[in-house]
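Engineer: For the record, the sequence lines run as chains H and L.
Taking the numbering used here, the leading residue of the first sequence gets 1, the next gets one more, and so forth.
Taking the numbering used here, the leading residue of the second sequence gets 1001, the next gets one more, and so forth.
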Amino acid sequence: MDWLREMLSADGFMPHGHCYLWRPGVLWLHLISDTLIALAYATIPFTLMHFVRRRRDLPFSWMFVCFGIFIIACGVTHVMEIWTLWIPTYWVAGFVKAVTAVASVPTAILLVQLVPKALAIPSVENLRATGEAVAASAAQFRALLESAPDAMVIIDARGKIVMINAQTERLFGYRREKLVGHLDEVLLPERFRAEYPERRNAFFAAPGRRSIDADAGICGRREDGSEFPIEVSVSPIEAPSGLLASIAVRDVTERNQTQARVRVLAIAAQVVDAAPYAMVMTGPRGIIKMVNHEAEQLFGYSRDELVGQPVDMLLPERFRDAHAGHVRAFSSAPKKARTMGAGRELHGLHKSGTEIPVEIGLGPVETADGLFTLASIIDITERRAREEALRRSNAELEQFAYVASHDLQEPLRMVASYTELLGQRYRGKLDDKADKYIFYAVDGAKRMQRLVADLLAYSRVGSQGKAMVPVDCGEVLSYVLNVLAEPIRQADAVVDVGSLPIVQGDEGQVGQLFQNLIGNALKFRGPTPPRITVEARLHRGRWLFSVTDNGIGIDMQHADRIFEMFQRLHERGKYEGSGVGLAIAKRIVERHGGRIWLESRPGEGTTFFFTMHSVTRKATSS
Amino acid sequence: MTRPIRVLLVEDNPGDADLIRDTLDGGARKLDMAVVGDGAAASDYLLRRGAYIDAERPDLVLLDLNLPGVDGRRVLAEMRLHNDLRAIPVVVLTSSDAESDIAGSYEAGASCYVTKPGELTAFQSAVKSIEAFWFKVAKLP
C-alpha cells in the first residue's frame, strides 16, 4: 500500500510549471494547447463510434475501435500534461503514457498490416465505375426479367421475394411493393401454403432447374383471393448475396380452356360421326362442308365425294329449284333450329338414283366462315312402312270387326228367329221342358245378337265416323233428351242442363256420347229419383264437360275397367246391357281428341268428365 | 183384278225366304211368289232366260243386296237400265243398314229400302208393313 501511495504521491517532485519558471506566457501556451488537444481527442472517438455504428457494412471496423482507444489514451496524456503543471504526480502521468503506448504500438502494427487490404478497397472512382457496371447489369437483368413472357419472382433461400417483374404484378394483382420483401407464399392459395416451405427448402438444398406442369393442379392466388391454374419452373441464380431462385409462373387458364375445347371438339367430332342419323353441314352457299358416317351410308357416297359439292346432289331433281328458295329463307330467318318441310314429304336422293323418304332437322351453326347449316337426316323408310302397316292393320281390324259382326248377324238372326218361331208356334204343344229349352235358346240368341250389335256399334265409331264440324251441344242434348224421354219419365229423373258450347265434332257421335252417359246415369240409379246434371266449362283452352248423377256410384278401383268392352261390374240381369256403352263413349271422345274419366263415391253418385275441342261458346239452356 | 200379285224374292238365305213367304202368305190377297238365290238367277228370271224362259214379269221385286256372285246392287242397276224392267218397283230388303247401301240403293233407283230387323216379331211386322203398303195402299204398274 505504501507502494501505491508512493505512486499517487507528488512528494519529492517539482511541478512541471517550475520548469517553465512560472512564466505566464509559456504556461498559458502549454495549458491552452493541451486543453484543446484533450478536448479534440475526447470528441474524435464518439464521432468514430457514430460513424462505425451507422456504417455497419464498413470493412475493418475493429480498426476504428483501435483508433478510438488510441486517441482517448492520447487525450488523457494531454490532460495529464496540464495536471502535472501544478501537481507533479509523474508516476501516474507516466502510467497513462505507458497505456497510450500500449494502445499505440499494436494500432500502428495493425495499420501497417491493413494497408494492402485498405488499398484493395476500391476508390471512389473505382466504386463509381463498378456501381455503373452493376447498375448496367442490374438494368439488363431487369430488362430480361421484364421481357420474360411469364411472371418472374426472384426469392432468396428464406422465401423472401427479392424481385418481381410487371407480369407478376399484372397476373397476381399485387403492387410491387406489396410483394418485394414478403414471403412468396402469399402467391399461393392457403391450402398449398403448409407444405410449400418444405419444397422450397428442398430446392435450395439441391438447386437445379425444376418445373411443375399444369397437370399437377397447382394454382396461383391473386390479391383479391381468386385462383387460377398455373405452371411453374424454378431455376437457381448465383448472386453475390447468396443463392436465389427465379420462379417463372405461367397462367394456364386459357390453355386449359383451349385444351378442354379441343377435347370437346374431338369428342363432338366423334359424336357426330357416331350419331345414329345422317348429318350434313353446308356452308352459306349450300356447299357441303362436313358429313358423318351415317350420311355416307344413307346416300351411298363416300365423304370425299360429298365434301365440297353442292348439297343439291342429295336432293331429287324436282325439289332443287324450291330448295334454293328454302335455303335463302332459312339463312335470313331467325336463327334457331327447326324441322324442315313440316307437313310435307321430304326425300333424299341416293347415289343409285333411288329416293329415300326422310325427316330433316335444321340447325344454324355460326362459324368464322359465315352461317353454316347443320342438317340431321333421318331415314324414315322403315317408319313409313311401320306406320302404313299399323294403319292398314287398324283398318283391317276395324273392317274385320265390322264384317264379322255384320256377317255374324245373319246366321244369328236365323237362330233367333226360328227358335222364337218355334216358341210362337209350338208353345204348349210339346212338353214343359221343350218350352224351357226353347226359351234358353231364344234368350241366348238374343243376347248374342245384342253383343254383335254392340260390337258393330263400337267398330262403327272408327269406321263410320263423319267429318268434324261445329256441333251445338245444347241442340244435340235436347234431341238426346227427347229420345230418352220415356226412360227419363219412367225413372222419374230430372236432367239439369247448363249452358253448353259449340264444339268441333261428329254430331251423331256427340249425341251418342251424351245418350250413353245419360243412359248410364239412368240405368245405375240409386234408391232416390235420379238427378242428372250436364255442364261444360272452359279449361285450358278446351271444353270440360261433366255429367253428374246421384246414382249407385262405383268403386274407383274399377274406374278404368268400366271403359273397356263388355266389362260389367254387376251380375247379369240386375242391370241390362252388354257393357259397351262406356267403351263406345270412350272411343268417341278419343276420336274427338279428348279424354274421358270419372270421379265417383259408391252410394253417392258419379261424375263423368270428358274434354272436347272448342269452336266458340254459345249459351243454350234446357 | 183377279190376277194374283206376282212377286220375285231375290234372297240367298232360305231361312229368310221361308220367313218372308210364311209372313206374306198370311195376307188377304192371292200371291204368286218366286224365289231365286243369287243375282245371276235373278237376271235370268227377269230376262226370261235359261231355266226361267217361262217366267212371268213380276209386279214387285224384293231384293237382298248381299248375294253370292252377282249381288243385289248389280241386279238393281241392270233393272234400271233395262227398258222393260225399269218400271218394276224394287223393295230392297237386306240386313245391311250401312249408309252407303241405303243412299246407293235409292240412287240406283230402289223404290224403298228396308233393313231386316234382328228380332222375329219386328221382322214379321216389317214384312207385314211391306205387304200392307205395296199390296194394298200403293198402286202397282
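No residue lacks a Cβ here, since even glycine has one placed at the ideal position from N, Cα and C.
Using the Cβ count rule (16 or more neighbours within 10 Å means buried), how would you classify W22 (chain H)?
Structural biologist: Reading the first sequence from its first residue, position 22 is the one you call residue 22 (chain H). Exposed, since its Cβ has fewer than 16 Cβ neighbours within 10 Å.
Engineer: Just to confirm my understanding: we take Q512 (chain H), look at its own chain, exclude 5 residues before and 5 after, and list those with CB closer than 7 Å. What are they?
Structural biologist: Along the first sequence, one-based indexing puts residue 512 (chain H) at 512. Excluding positions up to five away in sequence, the list reads I584 and I588.
Engineer: Helix, strand or coil for L1147 (chain L), going by three-state DSSP, please let me know.
Structural biologist: As shown, chain L starts at 1001 and ends at 1141. That puts residue 1147 (chain L) outside it, with no answer to give.
Engineer: In terms of alpha-carbon separation, which member of L:T1094, L:A1108 and L:D1101 lies closest to L1081 (chain L)?
Structural biologist: The residue labelled residue 1081 (chain L) in the question sits at position 81 within the second sequence. If we check each option's Cα against that of L1081 (chain L), L:A1108 comes out closest.
Engineer: Give me, in chain order, the residues of the same chain whose beta-carbon lies closer than 7 Å to that of I230 (chain H); leave out the 5 immediate sequence neighbours on both sides.
Structural biologist: For the purposes of this step, residue 230 (chain H) is identified with residue 230 of the first sequence, where counting begins at 1. Taken in chain order, the residues that qualify are I218, C219, G220, V249, R250, D251 and V252.
Engineer: Applying the criterion that 16 or more other CB atoms from any shown protein chain within 10 Å of the CB defines a buried residue, is E420 (chain H) buried or exposed?
Structural biologist: For the purposes of this step, residue 420 (chain H) is taken as the residue at position 420 of the first sequence. E420 (chain H) comes out buried.
Engineer: Around the C-beta of I1130 (chain L), are 16 or more other C-beta atoms found within 10 angstroms, so that it is buried, or is it exposed?
Structural biologist: Reading the second sequence from its first residue, position 130 is the one you call residue 1130 (chain L). It counts as buried.
Engineer: Indicate whether at least one CB of chain H lies closer than 8 Å to the CB of A1138 (chain L).
Structural biologist: As a working note, residue 1138 (chain L) is residue 138 in the second sequence. Closer than 8 Å: no.
Engineer: Quick check: G1037 (chain L) and G1072 (chain L), are their CB atoms within less than 8 Å of each other?
Structural biologist: Walking along the second sequence from the start, residue 1037 (chain L) turns up at place 37. Walking along the second sequence from the start, residue 1072 (chain L) turns up at place 72. Cβ atoms of G1037 (chain L) and G1072 (chain L): not closer than 8 Å.
Engineer: Under 8 Å: do the region 1055–1062 of chain L and the region 1004–1018 of chain L share three or more Cβ pairs, one atom per stretch?
Structural biologist: yes
Engineer: Mind pulling the chain L residues with CB within less than 9 Å of E420 (chain H)?
Structural biologist: Here the question's residue 420 (chain H) lines up with position 420 in the first sequence. Per Cβ cutoff of 9 Å: E1119, L1120 and T1121.
Engineer: Look at the alpha carbon of E6 (chain H) and the alpha carbon of V92 (chain H), and state the distance between them as a whole number of angstroms.
Structural biologist: As a position in the first sequence, residue 6 (chain H) is number 6, starting the count at 1. As a position in the first sequence, residue 92 (chain H) is number 92, starting the count at 1. Going from the Cα of E6 (chain H) to the Cα of V92 (chain H) covers about 10 Å.
Engineer: In chain H, which residues lie with their C-beta within 8 Å of the C-beta of K1116 (chain L)?
Structural biologist: Your numbering for residue 1116 (chain L) matches position 116 in the second sequence. Ordered by position in chain H, the residues that pass the 8 Å Cβ test against K1116 (chain L) are R413.
Engineer: Short of 8 Å in beta carbon distance, which residues of its chain neighbour G668 (chain H), apart from the five on each side in sequence? Order them along the chain.
Structural biologist: What the structure shows of chain H is the stretch from 1 to 622, and residue 668 (chain H) is not part of that stretch, so it cannot be assessed.
Engineer: May I ask which residues mark the beginning and end of the alpha helix (DSSP H) holding P487 (chain H)?
Structural biologist: On the first sequence, residue 487 (chain H) is found 487 positions in, with the first residue counted as 1. Residues A485 to A491.
Engineer: Quick check on this structure: which residue in H:Y90, H:A40 and H:L39 has the alpha carbon closest to the alpha carbon of H16 (chain H)?
Structural biologist: Working through the first sequence from its first residue, we reach residue 16 (chain H) at position 16. Among H:Y90, H:A40 and H:L39, the Cα nearest to that of H16 (chain H) is on H:Y90.
Engineer: Tell me which residues share the same chain as T107 (chain H) and place their Cβ nearer than 7 Å to its Cβ, disregarding the 5 neighbours each side in the sequence.
Structural biologist: As a working mapping, residue 107 (chain H) is identified with position 107 in the first sequence. Its chain contains C66, F67 and F70 as the residues whose beta carbon lies nearer than 7 Å to that of T107 (chain H), once the 5 sequence neighbours on both sides are disregarded; these appear in chain order.
Engineer: Going by beta-carbon coordinates alone, are R591 (chain H) and Q515 (chain H) separated by less than 8 Å?
Structural biologist: Taking the first sequence and counting its residues from 1, the one referred to as residue 591 (chain H) is at position 591. Taking the first sequence and counting its residues from 1, the one referred to as residue 515 (chain H) is at position 515. The answer is no: Cβ separation not under 8 Å.
Engineer: Using the Cβ count rule (16 or more neighbours within 10 Å means buried), how would you classify M556 (chain H)?
Structural biologist: Numbered from its first residue, the first sequence carries residue 556 (chain H) at position 556. Under this definition M556 (chain H) is an exposed residue.
Engineer: Taking 8 Å as the threshold (beta carbon to beta carbon), is E410 (chain H) in contact with chain L?
Structural biologist: As a working note, residue 410 (chain H) is residue 410 in the first sequence. The beta-carbon of E410 (chain H) is placed less than 8 Å from the nearest beta-carbon of chain L.
Engineer: Rounded C-beta distance between V99 (chain H) and A73 (chain H)? I'm assuming under 8 Å.
Structural biologist: Your numbering for residue 99 (chain H) matches position 99 in the first sequence. Your numbering for residue 73 (chain H) matches position 73 in the first sequence. Indeed, because the Cβ distance is near 6 Å, the residues count as touching under 8 Å.
Engineer: Name the residues in the region 1005–1024 of chain L whose C-beta lies less than 7 Å from a C-beta of chain H; which are they?
Structural biologist: N1013, G1015 and L1019
Engineer: With DSSP as the reference, label S393 (chain H) as helix, strand or coil.
Structural biologist: Residue numbering aside, residue 393 (chain H) sits at position 393 when the first sequence is read from its first letter. Helix, per DSSP.
Engineer: Quick check on the DSSP output: the alpha helix (DSSP H) that includes A93 (chain H) runs from which residue to which?
Structural biologist: Position 93 of the first sequence, counted from the start, is the residue given in the question as residue 93 (chain H). Y90 to A120 is the extent of the alpha helix (DSSP H) around A93 (chain H).
Engineer: Does DSSP classify D273 (chain H) as helix, strand or coil?
Structural biologist: What you label residue 273 (chain H) is simply residue 273 of the first sequence in a count that begins at 1. D273 (chain H): helix per DSSP, three-state reduction.
Engineer: Given this structure, state the Cα-to-Cα distance separating A1034 (chain L) from R1021 (chain L), to the nearest angstrom.
Structural biologist: The sequence position of residue 1034 (chain L) within the second sequence is 34, counting from 1. The sequence position of residue 1021 (chain L) within the second sequence is 21, counting from 1. The alpha-carbon atoms of A1034 (chain L) and R1021 (chain L) are separated by roughly 10 Å.
Engineer: Evaluate the contact criterion for the region 439–450 of chain H versus the region 382–402 of chain H: three or more CB pairs, one atom per stretch, below 8 Å.
Structural biologist: no
Engineer: Could you check what DSSP says for D432 (chain H) in three-state terms: helix, strand or coil?
Structural biologist: Reading the first sequence from its first residue, position 432 is the one you call residue 432 (chain H). Note: D432 (chain H) maps to helix in three-state DSSP.
Engineer: Taking DSSP as the reference, what is the three-state secondary structure of A619 (chain H)?
Structural biologist: Within the first sequence, numbered from 1, the residue matching residue 619 (chain H) stands at position 619. Here A619 (chain H) scores only 41 on pLDDT, less than 50, and its place in the model is too uncertain to base an answer on.
Engineer: For T611 (chain H) and S600 (chain H), what's the separation of their Cα atoms in angstroms?
Structural biologist: Here the question's residue 611 (chain H) lines up with position 611 in the first sequence. Here the question's residue 600 (chain H) lines up with position 600 in the first sequence. Whole-angstrom Cα-Cα distance: 18 Å.
Engineer: Would you give the residue range spanned by the alpha helix (DSSP H) that M49 (chain H) belongs to?
Structural biologist: Stepping through the first sequence from its first residue, residue 49 (chain H) is reached at position 49. Residues P24 to R54.
Engineer: Going by DSSP in three states, S233 (chain H) sits in which element: helix, strand or coil?
Structural biologist: For the purposes of this step, residue 233 (chain H) is identified with residue 233 of the first sequence, where counting begins at 1. DSSP, read as helix, strand or coil, puts S233 (chain H) in strand.
Engineer: Answer yes or no: do G526 (chain H) and N550 (chain H) have a C-beta to C-beta separation smaller than 8 Å?
Structural biologist: Against the first sequence, residue 526 (chain H) aligns to sequence position 526. Against the first sequence, residue 550 (chain H) aligns to sequence position 550. Closer than 8 Å, so yes.
Engineer: How far does the alpha helix (DSSP H) with S623 (chain H) in it extend, from its first residue to its last?
Structural biologist: Absent from the structure is residue 623 (chain H), since the part of chain H shown begins at 1 and ends at 622.
Engineer: For the 8 Å Cβ check, are there 3 or more pairs between the region 280–298 of chain H and the region 307–318 of chain H?
Structural biologist: Yes: the two stretches touch, three or more of their Cβ pairs being nearer than 8 Å.
Engineer: Tell me which residue opens and which closes the beta strand (DSSP E) that K289 (chain H) is part of.
Structural biologist: Position 289 of the first sequence holds residue 289 (chain H). I288 to V291 is the extent of the beta strand (DSSP E) around K289 (chain H).
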